[in-house]
Amino acid sequence: MSYHLLSLEHYQPSLRRLLYRLMELLMLGAIVTGYWMYDCYESGQAALKQALIDLAHANFTGSNPKSEQPY
């Protein structure tokens with residue numbers, strides 16, 4: 329019975345098309361959100377790696393690479 333409630337076959341054709349379109353938009357939103365989150369994760373990893381490299385450089389040389397290299 330619960331499968332019957334989830335099935336879209338018993339809805340009117342126009343409502344069925346609307347529900348399919350809404351499901352497509354929901355899936356597209358999930359894909360775009362997932363890609364955006366992964367992109368943010370990768371850029372965060374790169375920034376963290378560079379910060380650790382700068383920290384290690386400062387610890388070993390006693391200097392701050394940010395103050396020596398103007399951007």
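Counting in this note's numbering, the sequence shown runs without a single skipped number right up to 399 at its last residue.
Here a beta-carbon is modelled for each residue, glycine too, at the ideal position from N, C-alpha and C.
DSSP three-state assignment for residue i, whether helix, strand or coil
i, result
"GLN340", "coil"
CA-to-CA distance, residue j to residue i, given in whole angstroms
i, j, result
"LEU346", "GLU352", "10 Å"
"GLU370", "LEU343", "41 Å"
"PRO341", "LYS377", "54 Å"
"LEU354", "THR361", "10 Å"
Close Cβ partners of residue i (< 7 Å) along its chain, the five nearest in sequence each way excluded
i, result
"GLY357", "none"
**OP:** Starting from the N-terminal side, write out each stretch of the beta strand (DSSP E) that is 3 residues or longer and does not extend beyond the region 347 to 387.
**Re:** The beta strand (DSSP E) runs lying completely inside the region 347 to 387 and spanning 3 residues or more number zero.
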